[in-house]
Amino acid sequence: MSESPLITPRTLKGFRDYLPAAMLQREKVIATAQRVYRSYGFSPIDTPALEFEEILLGKGGEETDKQMYRFEDAGGRRVGMRFDLTVPLARFAAQHIADLGTPFKRYHIATVWRGENTSRGRYREFMQCDFDTIGTTAVAADIETGLVIHDLFHALGFDAIAIRVNNRQVLTGMLEKLGLADRATAILRALDKLGKIGREKVADEMMQVAGATASQADDVLRLSELKGSNHEVLAAVENLLDGNERGLAGAARLREVLGGMAAAGVPDERVKLDVAIARGLGYYTGVIFETFLDELPDIGSVCSGGRYDNLAELYTKQQLPGIGASLGLDRLLSAMEELGRVAKVATPAPVFIPFFDGARLHDYLRLARGLRSHGLGVEVYPEPKKLGQQLKYADRRGCKLAVILGSQEFEGAKCQVKVLATSTTHEVDLAAPGGGAWNAEVAAEKLAAKLAELLAAG
RNA sequence: GUGGCUAUAGCUCAGUUGGUUAGAGCGUCGGAUUGUGGUUCCGAAGGUCGAGGGUUCGAGCCCCUUUAGCCACCCCA
């Protein structure tokens, strides 16, 4: 053995290992997102983790520079790691739109990196699950974005959600009307904190940081504090925006989006017009979505998106408007964990076969393969240990069924199937029609049907 | 990035005003007449007290530095 000191095993701040139970959960959510996105015709793409620095620095400000992982590669090129999937999409679209044609619908599920501070559900390496429709300004694309969000959470088992919808045009119109258009960013940044710090402090910030008057701040807040049903709020918004073309157009668009989602079958209570949300200041120009879980609203938006006028303007002269949204996978998983919605399963194989009779290894292996060919996940224990220990192992990993086959069972061409959660056992006859000795293929055929039935039941 | 709190076994924690070989519960592993787990009983393994330095006769405990985590703020393209 080496005498050299051990290297402490550790991971970088904000970077994590995923143990099997956590990884299975991640993969499940990812698979669900893929399924929903694909069901709407969004196609998968991927782009490099590393891009030329100039591509990524294009639009951001100082914060971007600070948060982005940047370095010089071995060839002396300035490169950076992607910090979201939208900028790479812009570059990708500018480069390939001629081949892709419009409208272009893509989804992209991938890891991104930001060197920012960590907190609950926020890490330096995390995953985004984006879907976007580019090359069209049609309202149908706006509506469809909302539908995807809705269906995604439904598929994930969350029906108690609030998809908050707004339109930047409404806010912009209001600010124009108040003569605050030149300070929009500062005003909206303050407004976005409404739910968090309260009306007084928001008004203070608008006055101090953005130089608004008390009455201007009050007018902005009045807009965002309208109460009532979506339709009532919308009517009141239009009233307040009277005379401002941009704002009224934004309100009309919202009316279409809400109407479209309702017409497509989304229950009204899951969609909430919220004139205060103002995220994505840098590039959203139209409809905005933010999604909150009713059971855990404090964790923040778990799926955000919106419409942008010109995604790829830095990289091409071609106009590429679009709309999309992104599931915050890590934040959602954090929420699911807090809500106790994470199954404690550490194995993808629901069926467990103890290595019971030490002389029958080959029979176990053949039977397991036969079951797998019927689409079942099957694990065979590698050592002929005591049965109790093997069952304990299976239970701890979260296997659902144990197929118990000892010399007696081989003798009689049968087996016991034990449901581990309830401890109930079912005897299954595995003999060929007309009786006969043990036959792995016949046994697999008959057993697979029974196992599938039990798995479906439990 | 700023401020505060925390760091003792795999996990959750105890550890008296600094004083001998640092403890518990859970978990893990082994066993309780040899074909059935999650309950019980017995036993075992497992910690240079996050890391580095300092004060002291003596540091898990006090001081400094560092790393990581938690909370708040800033920010979130």
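Be aware that the first sequence starts at 5, since it is given in this note's numbering, and climbs by one per residue.
Each residue gets a CB set at the ideal place from its N, CA and C atoms; glycine is no exception.
Note that the coordinates shown come from a computational prediction; the quantities given were computed from them, not determined experimentally.
What span of residues does the alpha helix (DSSP H) with residue i cover, start to end?
{"i": "threonine 149", "result": "143-159"}
{"i": "aspartate 433", "result": "Element bounds for aspartate 433: not the alpha helix (DSSP H) but the beta strand (DSSP E), 428-433."}
{"i": "alanine 239", "result": "234-244"}
{"i": "leucine 225", "result": "218-228"}
{"i": "glutamate 58", "result": "57-61"}
{"i": "tyrosine 127", "result": "It is not in any alpha helix (DSSP H) - tyrosine 127 carries neither H nor E in the DSSP assignment."}
{"i": "arginine 465", "result": "No answer is possible for residue 465: the residues shown for the chain start at 5 and end at 462."}
{"i": "glycine 264", "result": "249-267"}
{"i": "valine 33", "result": "24-43"}
{"i": "isoleucine 191", "result": "188-195"}
Taking all protein chains shown into account, do 16 or more other C-beta atoms lie within 10 angstroms of the C-beta of residue i, making it buried, or fewer, making it exposed?
{"i": "proline 271", "result": "exposed"}
{"i": "glutamate 7", "result": "The pLDDT assigned to glutamate 7 is 45, lower than 50, so where the model puts this residue is not dependable, and the model offers no usable value."}
{"i": "threonine 149", "result": "buried"}
{"i": "glutamine 220", "result": "buried"}
{"i": "aspartate 163", "result": "exposed"}
{"i": "lysine 396", "result": "exposed"}
{"i": "threonine 351", "result": "buried"}
{"i": "threonine 428", "result": "exposed"}
{"i": "proline 48", "result": "exposed"}
{"i": "arginine 203", "result": "exposed"}
{"i": "glutamate 431", "result": "exposed"}
{"i": "glycine 439", "result": "exposed"}
{"i": "alanine 102", "result": "exposed"}
{"i": "isoleucine 292", "result": "buried"}
{"i": "glutamine 165", "result": "Before going further, note that residue 165 is isoleucine rather than glutamine in the sequence given. Per the 10 Å Cβ criterion, buried."}
{"i": "asparagine 121", "result": "exposed"}
{"i": "alanine 94", "result": "buried"}
Residue i to residue j, Cα distance in whole Å?
{"i": "valine 224", "j": "isoleucine 113", "result": "37 angstroms"}
{"i": "glutamate 294", "j": "aspartate 399", "result": "40 angstroms"}
{"i": "lysine 348", "j": "leucine 23", "result": "11 angstroms"}
{"i": "aspartate 208", "j": "leucine 175", "result": "19 angstroms"}
{"i": "leucine 192", "j": "valine 152", "result": "27 angstroms"}
{"i": "methionine 5", "j": "arginine 14", "result": "Caution is warranted here: a pLDDT of 38 is assigned to methionine 5, below 50, making its placement in the model unreliable, and the coordinate value is therefore given only provisionally. Between methionine 5 and arginine 14, the C-alpha separation is close to 22 angstroms."}
{"i": "aspartate 222", "j": "arginine 257", "result": "25 angstroms"}
{"i": "alanine 253", "j": "valine 206", "result": "27 angstroms"}
{"i": "glycine 402", "j": "leucine 28", "result": "12 angstroms"}
{"i": "glutamate 273", "j": "histidine 154", "result": "12 angstroms"}
{"i": "aspartate 313", "j": "asparagine 243", "result": "26 angstroms"}
{"i": "phenylalanine 108", "j": "threonine 90", "result": "14 angstroms"}
{"i": "arginine 373", "j": "leucine 451", "result": "12 angstroms"}
{"i": "alanine 417", "j": "glycine 392", "result": "22 angstroms"}
{"i": "serine 377", "j": "threonine 36", "result": "24 angstroms"}
{"i": "lysine 422", "j": "aspartate 334", "result": "36 angstroms"}
{"i": "alanine 185", "j": "asparagine 248", "result": "12 angstroms"}
{"i": "aspartate 196", "j": "arginine 283", "result": "7 angstroms"}
{"i": "valine 346", "j": "proline 388", "result": "32 angstroms"}
Check the C-beta distance from residue i over to residue j and give it rounded, since I have them as a contact under 8 angstroms.
{"i": "glycine 105", "j": "glutamine 71", "result": "Between glutamine 71 and glycine 105 the Cβ distance is about 34 angstroms, and since that is not below 8 angstroms, they are no contact."}
{"i": "aspartate 146", "j": "arginine 311", "result": "6 angstroms"}
{"i": "aspartate 367", "j": "alanine 444", "result": "6 angstroms"}
{"i": "phenylalanine 356", "j": "leucine 409", "result": "Contact flag wrong, Cβ pair sits at about 11 angstroms."}
{"i": "arginine 168", "j": "isoleucine 281", "result": "5 angstroms"}
{"i": "glycine 309", "j": "arginine 172", "result": "No, glycine 309 and arginine 172 are not in contact; Cβ-Cβ is about 12 angstroms, not under 8 angstroms."}
{"i": "valine 241", "j": "alanine 255", "result": "5 angstroms"}
Is residue i helix, strand or coil by DSSP?
{"i": "glycine 310", "result": "strand"}
{"i": "glutamate 449", "result": "helix"}
{"i": "proline 92", "result": "helix"}
{"i": "isoleucine 408", "result": "strand"}
{"i": "serine 6", "result": "For serine 6, the predicted structure reports a pLDDT of 39, less than 50, and the residue's modelled location is therefore unreliable. The matter cannot be settled from this model."}
{"i": "lysine 389", "result": "coil"}
{"i": "isoleucine 165", "result": "strand"}
{"i": "alanine 329", "result": "strand"}
{"i": "proline 52", "result": "coil"}
{"i": "tyrosine 368", "result": "helix"}
{"i": "methionine 72", "result": "coil"}
{"i": "valine 291", "result": "strand"}
{"i": "lysine 200", "result": "helix"}
{"i": "lysine 550", "result": "One cannot answer for residue 550 here, as it falls past the ends of the chain, which runs 5 to 462."}
{"i": "lysine 181", "result": "helix"}
{"i": "tyrosine 111", "result": "strand"}
{"i": "glycine 84", "result": "strand"}
{"i": "aspartate 134", "result": "strand"}
{"i": "phenylalanine 414", "result": "helix"}
At which residues does the beta strand (DSSP E) containing residue i begin and terminate?
{"i": "lysine 276", "result": "275-277"}
{"i": "phenylalanine 356", "result": "355-357"}
{"i": "glutamate 383", "result": "382-384"}
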